[in-house]
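Residue numbers (this note's numbering): 60 to 361.
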Amino acid sequence: MMPCYEYFAEGIQRRTSLEAFKIINYNLPQSPWLARNILPVLEQNMKLSVLEMSNCSLSADDVTALVKFISENKTLSTLNISHTMIESEDTAKALARALNKHPTLRRVNLAYCKLAGGHSVMDKVLAACKKCDELEIGHNDFDSKCVEKIAQFLGKKHSLTSFSLVGAKVDTSNKKLLSEALTVNKTIQKIRLHSNALQLPAIIRKTKKVTTALSRLTQLDFRFNRFPTQGAKVMASFLEEPSCNLVSLIMSNNHLTTKGINALLPALKKNTSLQQLDLSSNWLNNQCAPAVIDMLLNNSTL
């Protein structure tokens, strides 16, 4: 594959008007290929606003070079380095400094990024993202303290309108902290919780205070968690609220049963905001068909 990469690198050497650069799901050649062939090209593109280098098997030297580029860049608005292993604490801290000082970054994707340094570095990375509009973060190596730091950050003043926590396990105490933080929060409208070992709806507790506070939400994505029947009933109550503004609800791969679906769907006959509902890859059978048909006959927005 090396000749193909060299051909690609040679083909972009004179490009000076790139606005977006994306490499996703490709194993890049060994260091210093990135620092030698790609980053100098990006440096000469003064209109570059989107950089995505996701799941590229970057080495420690590659990550260090990439962080240095980010620290010197002044034009990016979107940065996606998801699925990257940042195994040096010094590099993780340098990334936090780069994010903090960047003048234009508004969307940062660190999903499934391993961050060396534990919760102390987590604090720095989160604080660096407080001016962002969108943040995706999480890894299965995150311990309870890291998740606690995330919950505490969400409860503070920041600019986020979209937040994703992926891969990190949320235990019982942090589930409560997360719910409280999102209840206090005034800005987040889109929430994505993926693969968190959660019993859902988790963040939505059946109290007037919580349902009123979370009525601002427009998108909820709960993929790869668990939705027991009782959780489906709580979600149904939330969807029935006249103040509910939810437009998109993703509940795929949630171990949702026919009993749970039959508890959830009647609420959508009253809901007037939801436009997208994903119930794929759950434990459903033909016995949910009558509830589905009845809901579709009485719902006007899906």
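We put the beta carbon where it would ideally sit given N, CA and C, even for glycine. Values in this document were obtained by computation on a predicted structure and should not be read as measured data.
Kindly indicate the opening and closing residues of the beta strand (DSSP E) around residue i.
| i | result |
| --- | --- |
| Gly-197 | 193–197 |
| Leu-224 | 221–225 |
| Thr-137 | 137–139 |
| Ala-170 | 166–170 |
| Phe-80 | 79–83 |
| Asp-230 | Where Asp-230 is concerned, there is no enclosing beta strand (DSSP E), given that its DSSP letter is neither H nor E. |
| Val-109 | 109–113 |
By Cβ distance below 8 Å, which residues in the same chain neighbour residue i in space, the five residues on each side in sequence not counted?
| i | result |
| --- | --- |
| Ser-147 | Ala-119, Val-122, Thr-123, Ala-175 |
| Val-180 | Glu-148, Ala-151, Lys-152, Ala-155, Leu-174 |
Tell me which residues share the same chain as residue i and place their Cβ nearer than 6 Å to its Cβ, disregarding the 5 neighbours each side in the sequence.
| i | result |
| --- | --- |
| Ser-221 | Glu-193, Lys-249 |
| Arg-251 | Ser-223, Asp-280 |
| His-217 | Lys-189 |
| Val-184 | Ala-155 |
| Asn-357 | Lys-328 |
| Val-243 | Gly-214 |
| Lys-81 | Glu-111 |
| Leu-338 | Met-310 |
| Leu-237 | Ala-210, Ile-262 |
| His-253 | Val-225, Arg-282, Phe-283 |
Apart from the five residues just before and just after residue i, which ones in its own chain have a Cβ nearer than 7 Å to its Cβ?
| i | result |
| --- | --- |
| Asn-255 | Leu-224, Ala-227, Lys-228, Val-229, Asn-284 |
| Asn-313 | Leu-259, Phe-281, Asn-284, Arg-285, Phe-286, Asn-341 |
| Leu-323 | Ala-291, Met-294, Ala-295 |
| Lys-265 | Val-293, Ser-296 |
| Val-126 | Thr-150, Ala-153, Leu-154, Ala-157 |
| Asp-182 | Lys-208 |
| Leu-336 | Leu-308, Leu-361 |
| Asn-344 | Thr-317 |
With DSSP as the reference, please indicate the residues paired to residue i in a beta bridge.
| i | result |
| --- | --- |
| Ile-250 | Phe-222, Leu-279 |
| Trp-342 | Thr-316 |
| Leu-93 | Note: Leu-93 sits in no beta bridge, so no partner. |
| Ile-145 | Leu-174 |
| Ile-309 | Asp-280, Asp-337 |
| Gln-72 | According to DSSP, which records beta bridges pairwise, Gln-72 is partnered with nothing at all. |
| Arg-285 | Gln-258 |
Using the rule of at least 16 other Cβ atoms within 10 Å of the residue's Cβ for burial, across every protein chain shown, is residue i buried or exposed?
| i | result |
| --- | --- |
| Ile-140 | buried |
| Ile-195 | This sequence places Glu at residue 195; Ile is not what is there. It is buried - the Cβ of Glu-195 has at least 16 other Cβ atoms within 10 Å. |
| Cys-63 | exposed |
| Met-112 | buried |
| Ile-352 | exposed |
| Gln-104 | The question names Gln, but residue 104 is Asn in the sequence shown. Buried, because 16 or more other Cβ atoms sit within 10 Å of the Cβ of Asn-104. |
| Asn-199 | exposed |
| Gly-70 | exposed |
| Val-271 | Looking at the sequence provided, one finds Thr at residue 271 rather than Val. The residue is exposed, with fewer than 16 neighbouring Cβ atoms inside 10 Å. |
| Ala-187 | buried |
| Ala-326 | buried |
Which residues mark the beginning and the end of the alpha helix (DSSP H) in which residue i is found?
| i | result |
| --- | --- |
| Lys-328 | Looking at the DSSP string, Lys-328 is not in any alpha helix (DSSP H), and its letter there is neither H nor E. |
| Asp-182 | 177–187 |
| Met-294 | 288–299 |
| Gln-211 | 203–213 |
| Glu-131 | 119–131 |
| Ile-352 | 348–357 |
| Pro-88 | No alpha helix (DSSP H) contains Pro-88, which DSSP labels as neither H nor E. |
| Pro-162 | It is not in any alpha helix (DSSP H) - Pro-162 carries neither H nor E in the DSSP assignment. |
| Thr-270 | 267–272 |
| Leu-361 | From DSSP, Leu-361 is part of no alpha helix (DSSP H); its letter is neither H nor E. |
Could you tell me how far apart the beta carbons of residue i and residue j are, in whole angstroms, since I believe they sit closer than 8 Å?
| i | j | result |
| --- | --- | --- |
| Leu-164 | Leu-135 | 6 Å |
| Met-294 | Ile-263 | 7 Å |
| Ile-145 | Asn-114 | That belief does not hold up - the Cβ atoms of Ile-145 and Asn-114 are roughly 14 Å apart, past 8 Å. |
| Glu-328 | Met-354 | The question names Glu, yet the displayed sequence has Lys at residue 328. Yes, they are in contact, since the Cβ atoms of Lys-328 and Met-354 sit about 6 Å apart, within 8 Å. |
| Ser-76 | Lys-106 | 6 Å |
| Asn-304 | Leu-276 | 7 Å |
| Ala-350 | Ile-320 | 6 Å |
| Leu-333 | Leu-315 | With 8 Å as the limit, Leu-333 and Leu-315 do not qualify as a contact, their Cβ atoms being about 16 Å apart. |
| Leu-219 | Leu-241 | Not confirmed; about 11 Å, so no contact. |
| Val-109 | Ala-79 | 4 Å |
| Cys-172 | Thr-143 | 5 Å |
| Gln-289 | Thr-317 | About 15 Å separates the two Cβ atoms, so there is no contact after all. |
| Leu-98 | Phe-128 | 5 Å |
Taking 7 Å as the cut-off, does the CB of residue i come closer than this to any heavy atom belonging to the ligand GTP?
| i | result |
| --- | --- |
| Ser-90 | What this structure holds is no ligand at all, so the ligand GTP is not there to describe. |
Could you confirm whether any beta carbon from chain C is found closer than 8 Å to the beta carbon of residue i?
| i | result |
| --- | --- |
| Thr-271 | The chain inventory of the structure shown lacks chain C, comprising one protein chain alone. |
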